[in-house]
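In what follows, a structure is listed as structure tokens, so that the remarks can point back to it.
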Amino acid sequence: MKKLVFSNGDAIPMCGLGTWKSEPGEVYQAVLWAIEAGYRHIDCAPLYLNEKEVGQALTKAFSDGLVKREEIFITSKLWNDRHRLSDVKDGLEQTLQDLQLAYLDLYLVHWPISVKLGIGIAKTREEFYSYEEVPLAETWQGMQQVQSAGLARHIGVSNFNIAKLEELFAVGGQGPEMNQVELHPYLRQDKLVKHCHAKGMHMTAYSPLGSGDRPALFHKEQEPSLFEDPLVKELSEKYAVSPAQILIAFHINRNIAVVPKSVNRDRIAQNLQAAELQLEPADMDQLLSMPKQYRFIDGTFFTGPESPYGLDDLWEGTVGMEHV
Ligand code: A2P
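Note that the working numbering gives residue 1126 to position 278 of the sequence shown, counting from 1, and the numbers run on in steps of one.
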């Protein structure tokens, strides 16, 4: 399995199992199938409401000798309600308890959005904190502290644009080592990828398959389908693989980690195999120049009329669909 290497020599396997939308009742088995198939990277978050079950699967895998703790890379994320300096460690400790782990390999600030303790998706103004109330720099100091305490080996962010990343680097000390964002041929984010790589950060692609199983809150009507894209289909025939495998290999060939979600045993195995698929440069060029650009996770669920945040706090430019 190809890996991305951090400055201290630790490495993250480039294909991991995504667990967003994997229901309790399914995710336990999915994680065990993934580990059996050879996955050594699992991507988690408390917002996915399944970390306890992921933890049960990890404990089972360790006790059965399927894998040792130090052989598997576990990522989780700080939810928006724990952005205050005094709350970051609590957020991580809850996740560690749920995952039944002593440390995480990677801890990410899930979104550059801050809400009051106990709130999931905020709706009213009083459920939000503003940047004046909880600056991102404060949250980042909390992240640095949990790293120094050994609770997270590496720290980073998710859904951060260039301006927000720069705010974190301006804090001094350890900067973000990873930015996990939505990426696929319909959302290449060339400028952001170039910036992160120039800064020595790694990137992880979420929703690499278009997250067709998203709940209604995150869904729009008449969305494009990556699986049905003519070029993706043509390449899947050329390489005799599935469209999903082309979409996964796309990131690996771009030096970006990727976390496809599946709870199906065959698809879990198939997705990992895609990490070995070498795409010809001419085919990558075609995938990297698709005129159609589309953001599936557009962030509007954070930027309603009562929110102090705008889409320009999330994405490059001032709108969510900037077609970067
Ligand atoms: P399932 O869990 O039943 O396999 P994303 O990773 O972009 O969030 O996409 C996840 C969606 O893609 C889920 O609906 C998942 O369904 C489906 N999926 C995962 N792997 C494959 C695959 N190899 N072929 C087709 N669909 C897949």
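Note that beta-carbon positions come from the ideal geometry of N, C-alpha and C, so glycine has one too.
Just so you know, these numbers come straight off a predicted model, no measurement behind them.
* To do: In the DSSP assignment, find the beta strand (DSSP E) that holds F921 and state where it starts and stops.
  => In the sequence shown, residue 921 corresponds to position 73, counting from 1. Unbroken beta strand (DSSP E) run through F921: F921 to L926.
* Asked: Are the beta-carbon atoms of P1056 and F1008 separated by less than 8 Å?
  -> In the sequence shown, residue 1056 corresponds to position 208, counting from 1. In the sequence shown, residue 1008 corresponds to position 160, counting from 1. No. Outside cutoff.
* Give a yes or no on contact between the region 983-999 and the region 1099-1108, applying the rule of three or more CB pairs nearer than 8 Å. => No, they do not touch.
* **Alpha-carbon spacing of G1021 relative to Q1118, whole angstroms** => The sequence position of residue 1021 within the sequence shown is 173, counting from 1. The sequence position of residue 1118 within the sequence shown is 270, counting from 1. The alpha-carbon atoms of G1021 and Q1118 are separated by roughly 40 Å.
* To do: Select from L1031, G939 and G1060 the residue whose C-alpha is nearest the C-alpha of A1053.
  => Start at 1 with the first residue of the sequence shown, and residue 1053 comes out as number 205. Per the Cα distances, L1031.
* Asked: So, is H1171 buried or exposed, given that buried needs 16 or more other C-beta atoms within 10 angstroms?
  -> The residue you call residue 1171 lines up with position 323 of the sequence shown. The predicted position of H1171 is uncertain, since its pLDDT is 40 and thus under 50; a value taken from the coordinates is nonetheless stated next. Residue burial is scored here from C-beta neighbours: H1171 has fewer than 16 other C-beta atoms within 10 angstroms and is therefore classed as exposed.
* Around ligand 1, what residues have a beta-carbon under 6 Å from a heavy atom of it, in chain order? -> Result (chain order): G866, S1055, P1056, L1057, G1058, S1059, G1060, D1061, S1090, A1092, P1108, K1109, S1110, V1111, N1112, R1115, Q1118 and N1119.
* To do: Could you pull out every unbroken alpha helix (DSSP H) segment of at least 4 residues lying fully inside the region 971-1008, listed in chain order?
  => Qualifying alpha helix (DSSP H) stretches, in chain order: 984-996.
* Is L880 helix, strand or coil by DSSP? -> The residue you call residue 880 lines up with position 32 of the sequence shown. Helix, per DSSP.
* Asked: By how many angstroms is the C-alpha of A1064 removed from the C-alpha of M1049?
  -> Residue 1049 sits at position 201 when you count from the first residue of the sequence shown. Residue 1064 sits at position 216 when you count from the first residue of the sequence shown. Each residue's Cα considered, the two are about 33 Å apart.
* Asked: Is it true that the CB of C892 sits closer than 8 Å to the CB of L947?
  -> Position 99 of the sequence shown, counting from 1, holds the residue named residue 947. Position 44 of the sequence shown, counting from 1, holds the residue named residue 892. Yes, these two residues count as a Cβ contact at 8 Å.
* To do: Tell me whether Y1054 sits in a helix, a strand or coil according to DSSP, three-state version.
  => Along the sequence shown, read from residue 1 onward, the residue named residue 1054 stands at position 206. In this structure, Y1054 counts as strand in the three-state DSSP scheme.
* Over what stretch of residues does the beta strand (DSSP E) that includes N1027 continue unbroken? -> What you label residue 1027 is simply residue 179 of the sequence shown in a count that begins at 1. N1027 -> beta strand (DSSP E) spans M1026 to E1030.
* Asked: Is L1074 helix, strand or coil by DSSP?
  -> One-based indexing of the sequence shown puts residue 1074 at position 226. Coil at L1074, not helix or strand.
* To do: Compute the beta-carbon to beta-carbon distance between L865 and Y887, rounded to the nearest angstrom, for a pair I have assumed lies under 8 Å.
  => Numbered from 1 along the sequence shown, position 17 holds the residue referred to as residue 865. Numbered from 1 along the sequence shown, position 39 holds the residue referred to as residue 887. Contact between L865 and Y887 is confirmed by a C-beta separation of about 5 Å, below the 8 Å threshold.
* Is the beta carbon of H931 sitting closer than 8 Å to the one on Y977? -> Within the sequence shown, residue 931 is the residue found at index 83, counting from 1. Within the sequence shown, residue 977 is the residue found at index 129, counting from 1. A contact, by the Cβ cut-off of 8 Å.
* Asked: Do K925 and H889 have their C-beta atoms within less than 8 Å of each other?
  -> Position 77 of the sequence shown, counted from the start, is the residue given in the question as residue 925. Position 41 of the sequence shown, counted from the start, is the residue given in the question as residue 889. Their beta carbons are not under 8 Å apart, which means K925 does not touch H889 by this criterion.
* Between R1143 and ligand 2, is the CB less than 7 Å from at least one heavy atom? -> Ligand 2 is absent from the structure shown, which contains only ligand 1.
* Backbone secondary structure at Y1142 - three-state DSSP -> Along the sequence shown, read from residue 1 onward, the residue named residue 1142 stands at position 294. In the three-state reduction of the DSSP assignment, Y1142 falls in the coil class, being assigned neither a helical nor a strand state.
* What residue does the alpha helix (DSSP H) around H1045 start on, and which one ends it? -> Residue mapping note: residue 1045 aligns to position 197 of the sequence shown, counting from 1. Where H1045 is concerned, the enclosing alpha helix (DSSP H) stretches over D1038 to A1046.
* To do: Please report how far the alpha carbon of E884 lies from the alpha carbon of K850, in whole angstroms.
  => As a first step, residue 884 must be located in the sequence shown, where it is residue number 36. As a first step, residue 850 must be located in the sequence shown, where it is residue number 2. Taking the straight line joining both Cα atoms gives about 18 Å.
* To do: Answer yes or no: do L1074 and Q1134 have a C-beta to C-beta separation smaller than 8 Å?
  => Residue 1074 sits at position 226 when you count from the first residue of the sequence shown. Residue 1134 sits at position 286 when you count from the first residue of the sequence shown. For the pair L1074 and Q1134, the CB atoms are not nearer than the 8 Å cut-off.
* Select from Y876, L1013, D858 and E1164 the residue whose C-alpha is nearest the C-alpha of L1035. => As a working note, residue 1035 is residue 187 in the sequence shown. Nearest of Y876, L1013, D858 and E1164 to L1035, Cα basis: E1164.
* **Per DSSP, the bridge partner or partners of G939** => By 1-based counting over the sequence shown, the position of residue 939 is 91. Bridge pairing for G939: absent [DSSP].
* Asked: In whole angstroms, what is the alpha-carbon distance linking L1159 and R1001?
  -> Within the sequence shown, numbered from 1, the residue matching residue 1159 stands at position 311. Within the sequence shown, numbered from 1, the residue matching residue 1001 stands at position 153. The C-alpha of R1001 is placed about 31 Å away from the C-alpha of L1159.
* How about R1113 and W868: are their beta carbons less than 8 Å apart? -> Locating residue 1113 in the sequence shown gives position 265, where the first residue counts as 1. Locating residue 868 in the sequence shown gives position 20, where the first residue counts as 1. Cβ atoms of R1113 and W868: not closer than 8 Å.
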